[in-house]
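Peer 1: Here you go, one structure.
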Amino acid sequence: HLAFQSAQNRRKHVTLVDKANVLETSRLWRERVTEITKEYPDVELDAMFVDNAAMQMIQNPKQFDVILTENMFGDIISDEASVIGGSLGLLPSASVGDKTAMFEPIHGSYPQATGQNIANPLATILSAAMMLDHLGLIDEAIEVRQAVNASLRNGMVTSDLAKEHSYGTDRVGDFIANCIVEGEESCAQTNIKAGISTII
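Residue 168 in my numbering sits at position 159 of the sequence shown, and the numbers go up by one each step.
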């Protein structure tokens, strides 16, 4: 039900990704999801085999709204999707249950970056935006996403996105926090270059 409920607040489209042409469990999964979709007449459901979904993710990613799949297929497709954006450091994730939800960057804890000031904070920040959405704080989530977009537009990014002219985790995080608190106009590229932003 969670995929359909999420789709109701988005573009109202769920893509079921499975391997129903080979796996009995996928056939059962597809039957059950087809039954559930009847409870959500405003949401369109289509089904796609995982191999086709992997290809479509590269050829036409905009066709997807909410993808409903099992963990193994989801792990593969989400890592593939990270290539489209340029880095795993851009992808938030949510594990949502009936009573509990957990939000984290798709790359997990990334202990290899400890103490090096190189981790891209955007996925973590976008995970917080997803949490705000989940809590019904839509306007606040929009502000967070706008601040992240400002950092991308202005080149305030870590080295995984720009080898030259990159910034550390702390600077990118401070920039985004400043955009949220002071407003997006305080985060203009001219202010960054002139060193007059409140974080520089």
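Ideal Cβ positions, reconstructed from N, Cα and C, are used throughout, including at glycine.
Quick caveat, the model's predicted, so the values are computed rather than measured.
Cα-Cα, which of His-143, Ser-102 and Ala-122 is closest to Ser-136?
Peer 2: Ser-102
Peer 1: First and last residue of the alpha helix (DSSP H) that includes Thr-178?
Peer 2: 178-191
Peer 1: Taking Cβ positions, are Ile-76 and Val-31 nearer each other than 7 angstroms?
Peer 2: no
Peer 1: Would a C-beta distance cut-off of 7 angstroms place Gly-177 and Asn-129 closer than the cut-off?
Peer 2: no
Peer 1: Express the C-alpha separation of Ala-138 and Glu-113 in angstroms, rounding to a whole number.
Peer 2: 10 angstroms
Peer 1: Whole-angstrom Cβ separation of Phe-82 and Val-59, contact assumed at under 8 angstroms?
Peer 2: 5 angstroms between Cβ atoms; contact.
Peer 1: Along the chain, where does the beta strand (DSSP E) containing Ile-76 start, and where does it finish?
Peer 2: 75-78
Peer 1: In whole angstroms, give me the CA-to-CA distance for Thr-34 and Ser-96.
Peer 2: 32 angstroms
Peer 1: Going by the CB atoms, is the gap between Met-57 and Thr-24 shorter than 7 angstroms?
Peer 2: In this structure, Thr-24 sits near Met-57, with a CB-CB distance shorter than 7 angstroms.
Peer 1: Less than 6 angstroms between C-beta atoms, sequence neighbours within five positions excluded: which residues of the same chain meet that for Ile-189?
Peer 2: Glu-152 and Ala-156
Peer 1: Do Lys-21 and Asp-55 have their CB atoms nearer than 7 angstroms?
Peer 2: Their beta carbons are not under 7 angstroms apart, which means Lys-21 does not touch Asp-55 by this criterion.
Peer 1: Keeping to the same chain, check which residues put their C-beta closer than 6 angstroms to that of Leu-11; ignore five residues upstream and five downstream.
Peer 2: Val-105
Peer 1: Quick check: what's the CA-CA separation for Thr-123 versus His-143?
Peer 2: 29 angstroms
Peer 1: With burial defined as no fewer than 16 other Cβ atoms inside 10 Å of the residue's Cβ, what is the status of Asn-158: buried or exposed?
Peer 2: exposed
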